[in-house]
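What follows is one structure encoded as C-alpha cells, with my remarks underneath.
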C-alpha cells in the first residue's frame, strides 16, 4: 500500500527533512530496507549502521538527526523526525501490513458447546473447539479450533485463545487476554509426598486466575494451585515455553522470556523482568522492578529494583567481579605453579644451608 512521505509524516505527527513527495511501499528493518522502504533508528548502535543503510526514508528523533544526516550525506535519504522512532515505525508497519478483518460467525456447528454454557455477543467458537458445562465466555472473544475450555471456566470480554490451548476446569481468564497455541492453564501442580517408599499425589484443588491484558505464549504452562489460586497479574507477558508452578502469584506487568521456570509458591512484585532460562526456587519473592539476567539461578529473595545475574544469582556488580576473577584463573594457576617451584627450590636451599650450619657449628665451638 503505497504512501508518500508527507502523508506518513502527517499520520506520525512528524517533521519531514528531505523529499516530501517520495513514495514508500513498505516498512523494513534497518539492514533489509531499500530505497522504497521506511525504517527507523532508535539508539546509537543502529545509528552507527546508517552509513550502510539503503532505506529511502528513516524515522529518527531530533537528538540523532544531525548525526544521521552526516552518515547519509552521500545518499538522498529523507528523514521524518518524530518523538519516538520505534513507536512511529510500529504505526507505519500497521499501515503497510493491516490486520485481517476479524470474522463474525458465532458458534460453528462443528464446535461442541455444552447447553449450560453462556456465550457472549459477537464471540466466535471455531470448529472442533470444546466448551464444557457451565462455562461463561464474554463478548467479542475468539475461541479457535481445537481449544478445550473445561467445566466452570470464566472468560472475560475480547479474549482470544489460539488453537489447541487447554483450560482445565474452574479457570478464570480476564478481559483482553491473548493465549497462544498449545498453552495449558490449570494442570495439576507438581505436588507429592514421599511415604513408605513411594510418591503419593497431593490433591491439587485450587485454580488459576489470569487478570486483564495478559499474554501467554505458545506451549506455556500454568499449574493450578494446591489450595487457592495461581495468579497472573494484570498486563503480564509470558513468552513461549514458560513454566509457572502451583500457587505462584505474579504481580502486574511482569515480563518473562522463553524457558523461565518458577517453582511452587513464588511471588513477584510489579514490573519484574526475567530473561531466558531463569530458574527460581520455591517460596521465594522477586521484588518489584527487579531484573534477572539470562540463565540466572535464584536461590534467595531478590530485593526491589536490583539486577541479579549468575547461578547462584547475585547482584550484578558483585557477580561481574567474580566473573572477571574466574577469567584470570588460568593465569593464576600458572603463577601458582611458578611460586610452587620457587618454594620448593627455596626449601631445598634452606635445607642445604641448615645442614651446612649443623656440620660447621661443632667445629666452630671446639675451636
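Numbering (the working numbering), first residue to last: 3 to 369. Quick reminder that beta carbons are idealized off the backbone N, C-alpha and C, glycines included.
- Put simply, the stretch 271-282 touches the stretch 255-262. At least three CB pairs are less than 8 Å apart.
- Secondary structure at residue 53: helix, using DSSP grouped into helix, strand and coil.
- For residue 224, there is no enclosing alpha helix (DSSP H); the enclosing beta strand (DSSP E) has its first and last residue at 223-225.
- DSSP, reduced to helix, strand and coil, places residue 332 within a helical segment of the structure shown.
- In the DSSP assignment, residue 92 falls within the unbroken alpha helix (DSSP H) covering 87-98.
- By the beta-carbon neighbour count (other beta carbons within 10 angstroms, threshold 16), residue 34 is exposed.
- Residue 295 sits in coil when the DSSP states are folded into three classes, being neither helix nor strand.
- Put simply, of 62, 171, 236 and 154 the residue whose alpha carbon is nearest the alpha carbon of residue 179 is 236.
- In the displayed model, residue 76 falls within coil according to three-state DSSP, outside both helix and strand.
- Rounded to whole angstroms, residue 48 and residue 70 show a C-alpha spacing of 10 Å.
- In this structure, the straight-line span from the alpha carbon of residue 229 to that of residue 205 is close to 9 Å.
- Rounded to whole angstroms, the gap between the alpha carbons of residue 141 and residue 125 is 6 Å.
- Around the beta carbon of residue 51, fewer than 16 other beta carbons lie within 10 angstroms, which makes this residue exposed.
- Three or more Cβ pairs closer than 8 Å define a contact, and the stretch 235-252 meets that threshold against the stretch 203-223.
- The beta carbon of residue 239 sits closer than 6 Å to the beta carbons of 217 and 257 from its chain, once the five residues preceding and following it are set aside; these are given in chain order.
- In the DSSP assignment, residue 197 is bridged to 200.
- Residues of the same chain with a CB within less than 8 Å of the CB of residue 292, apart from the 5 flanking positions on each side, are 271, 274, 275, 304, 305, 306, 307, 308, 309 and 310 in chain order.
- Bounds of the beta strand (DSSP E) holding residue 211 are 209-212.
- If you look at residue 61, you'll find it in the beta strand (DSSP E) that goes 59-62.
- Approximately 5 Å separates the beta-carbon atoms of residue 138 and residue 120; this is inside 8 Å, confirming the contact.
- Assignment of beta-bridge partners to residue 239 by DSSP yields 217 and 257.
- Comparing C-alpha distances from residue 76 to each of 54, 88, 87 and 91 shows the shortest one belongs to 54.
- Distance from the Cα of residue 46 is smallest, within the candidate group 68, 211 and 202, for 68.
- 83 is the residue among 72, 29 and 83 whose C-alpha sits nearest the C-alpha of residue 22.
- Of the residues 20, 294 and 333, the one whose Cα lies closest to the Cα of residue 315 is 294.
- The residue from 41, 210, 215 and 132 with its alpha-carbon nearest to that of residue 251 is 210.
- Residue 101 has its alpha-carbon roughly 33 Å from the corresponding atom of residue 153.
- The DSSP-derived three-state label of residue 282 is strand.
- Residue 158 counts as buried, since at least 16 other C-beta atoms from the protein chains shown sit within 10 angstroms of its C-beta.
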